[in-house]
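This note's numbering puts the sequence shown at residues 222 to 707.
Everything on this sheet refers to the single structure shown next.
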Amino acid sequence: MASTSKDARINIVGAGIFGLSTALHLARRGYKNVTVFDKQPYDDTEYSYSKGCDAASADMNKIIRTAYGSQVEYQEMGFEAIEIWKEWNAELADGQDLPPGLTSSDRVFVNCGSLSFTDSEELHPFEIATIKTMESQGHKDTQLVTNDPRHVAIAKSRGQEGACDPFHRRKRGKSSLGVLDSSGGVTIADKACRFALHKARQLGANFVLDPVAGAFDSFMLSSLGRVQGAKTKDGKSHKAELTIMACGGLTPSLVPELDGLCEATGGSVVIYKIPKSSSLWDRTSPENFPTWLWNMRSGAEGGLYGFPRTDEGFIKVGYRGTKYTNPRTQDDGQQRSVPITRWSGKETGEELQQIPVQAMRVIRGFLDEYLPELGEEGIDVALTRVCWYTDTFDNHFVVDHVPSKEGLFVVTGGSGHAFKYLPNIGNWIVDVIEGVQTDRPAIKAWKWRGSQAETSVNVLMEGSQGSRALDNVQLVGKNREERAKL
Ligand SMILES: Cc1cc2nc3c(=O)[nH]c(=O)nc-3n(C[C@H](O)[C@H](O)[C@H](O)COP(=O)(O)OP(=O)(O)OC[C@H]3O[C@@H](n4cnc5c(N)ncnc54)[C@H](O)[C@@H]3O)c2cc1C
């Protein structure tokens, strides 16, 4: 693409954060012929899960953090993103030329802090590495240890005192050791996507957001196998010099070359609705309560994270201690995990409203101990959701041309941590598209790569016999009687 003119036609399939950010930054760099296709009619459904959106990016909130252990490249990208998140907030507050549904009182980022804690009396090596890496990069005192009085005083001076002990552990005489990443917080994910879509449009990117006209059907191939564009479900052909696949959890089934590198895995989510009269209403507001991660590196019995309440009073708790799969045999005879969701029935005939029992057990056990007020006040589960990651074996993204498929590029493999980069990752992706020479470690890590079992963080493609396949696990939903039996 280095020599491709700015008039070249570029198709992007998928308007999640990877597709949106790529479109935004291509348009910003002057590419005039960028079209994004998505089967979700996002202008109507507004990236809202309750309106039928089931992409990973279509969510009420996501965690923003810069704490990344020793991974300095993701840390620094996080700081870069946060500066732009703040600019987006300022643009919203300015109120000029906002898209329908967004007002000047909306914000897409709240700097409420992101607390990582365990039930241990000692800091995890990941937190120690984060503190060290932050200091080495000049970000001293961004990571605040919650039992250090000096750090708690710093948090107080930044309006984040509540974030140091959001579960009132100290008040209850219990251990509360953790690290507050004071640079982080929460993004209002659906609104952020709507704003990014609007910004990309303003800069001239085109969007076809429609269940038929926007739905990818197949690649247009030359006799030599070069990808020359994409066909959509309405039968139309869309010729392009470059086709960029950004289909989230569906990318591995649409680009089978990703076998062994990427797989769709399901994270479990439980949502509670807090009434305004609850003692938790003020306490869990983004002004007083951080995003949090608990026992993230403790296997199946840990891996929880959560959020301050939304404006509507929703409190979301997620479990990723075990990530589940949904292997289905595809036309080429290979099993690949495909997302199954509350809304997938219309397309695939299979839908899912429940979550695995294991996830519900860990979440409930945590909440009974850490947020007993939910049970005491009779606040019950409002909704359960399985939300689909696109995991790589090493947790690095995939941003590269597909080898031996000229004309085809993928931006995927979010591995549970890409949302925070919505404002800036497209800029890095366009560098890769343009072949800009760089020694940035992140860009190198995102290159196409084979599977390396010995360095794998995630085990991929265990297939239908695997213990994480949803067909092999017991499920439970919001039904109170079913949950009472667990
Ligand atoms: C449970 C969970 C929690 C997470 N928490 C965080 C967090 O706290 N912080 C963070 O930074 N990141 C988080 N992530 C990661 C982040 O959400 C993802 O990395 C990111 O949203 C992935 O974006 P995407 O564009 O790759 O995919 P998606 O958001 O899934 O978007 C893919 C798009 O492709 C479209 N599409 C698919 N197939 C077709 C087709 N055939 N034709 C047309 N369009 C198609 C879909 O409709 C969709 O709009 C989390 C992810 C999950 C699953």
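No residue lacks a Cβ here, since even glycine has one placed at the ideal position from N, Cα and C.
Computed from a prediction, not measured in an experiment: that's the story for all the values here.
Separation of residue j from residue i, as counted between CA atoms
i: T633; j: T550; result: 22 Å
i: V583; j: K392; result: 23 Å
i: G539; j: G456; result: 39 Å
i: A311; j: I561; result: 37 Å
i: S458; j: Q555; result: 27 Å
i: M355; j: D362; result: 8 Å
i: D621; j: D315; result: 37 Å
i: A639; j: K567; result: 28 Å
i: E655; j: W649; result: 10 Å
i: K460; j: S439; result: 12 Å
i: S341; j: E382; result: 21 Å
i: S506; j: T531; result: 7 Å
i: L595; j: S403; result: 26 Å
i: E755; j: R670; result: Residue 755 lies beyond the residue range present for the chain, which begins at 222 and ends at 707; the question has no answer from this structure.
i: A223; j: L442; result: Low confidence applies to A223: its pLDDT is 49, below 50, so where it sits in the model is not reliable enough to give any reading.
i: R661; j: D280; result: 30 Å
i: A436; j: P473; result: 16 Å
i: Y493; j: V578; result: 17 Å
i: D259; j: I238; result: 12 Å
i: I465; j: E348; result: 36 Å
i: G446; j: V476; result: 14 Å
i: E462; j: G635; result: 25 Å
i: T408; j: D612; result: 21 Å
Distance CB(residue i)-CB(residue j) smaller than 9 Å
i: A421; j: A244; result: yes
i: G481; j: F630; result: no
i: P370; j: L336; result: no
i: T569; j: G687; result: no
i: V331; j: P529; result: yes
i: K537; j: N282; result: yes
i: G511; j: G299; result: One detail in the question is off: residue 511 reads as Pro in this sequence, not Gly. Against a cut-off of 9 Å, the Cβ pair of G299 and P511 comes out as no contact.
i: R606; j: Y270; result: yes
i: E484; j: S625; result: no
i: W667; j: F618; result: yes
i: R704; j: R518; result: no
i: T486; j: N679; result: yes
i: I284; j: L501; result: no
i: I646; j: A302; result: yes
i: E627; j: V448; result: yes
i: R249; j: L424; result: yes
i: G290; j: T351; result: yes
Residue i beta carbon near ligand 1 (any heavy atom closer than 8 Å)
i: V637; result: The question names Val, yet the displayed sequence has Gly at residue 637. Checking every heavy atom of ligand 1 against the Cβ of G637, one is found closer than 8 Å.
i: W306; result: no
i: S625; result: no
i: R541; result: yes
i: A374; result: no
i: G524; result: no
i: S278; result: yes
i: Q261; result: yes
i: I584; result: no
i: G435; result: yes
i: I238; result: yes
i: F338; result: no
i: C771; result: Lying outside 222 to 707, the shown extent of the chain, residue 771 is not represented and no answer is given.
i: G488; result: yes
i: K283; result: yes
i: K452; result: no
i: C608; result: yes
i: K641; result: yes
i: T611; result: yes
i: F730; result: Residue 730 is absent from the structure shown; the chain starts at 222 and stops at 707.
i: V293; result: no
Presumed contact (8 Å Cβ cut-off) between residue i and residue j, rounded CB distance
i: V697; j: Q575; result: 6 Å
i: R469; j: W564; result: This sequence places Gly at residue 469; Arg is not what is there. 14 Å between Cβ atoms; not a contact.
i: G235; j: A451; result: About 11 Å separates the two Cβ atoms, so there is no contact after all.
i: L344; j: V293; result: Incorrect: roughly 19 Å between the Cβ atoms, too far for contact.
i: Y263; j: L430; result: 5 Å
i: S498; j: I600; result: 11 Å between Cβ atoms; not a contact.
i: I231; j: L247; result: 6 Å
i: R390; j: L323; result: That pair is no contact at about 37 Å.
i: R328; j: K544; result: Wrong, their Cβ atoms sit about 30 Å apart, outside the cutoff.
i: A288; j: Q364; result: 6 Å
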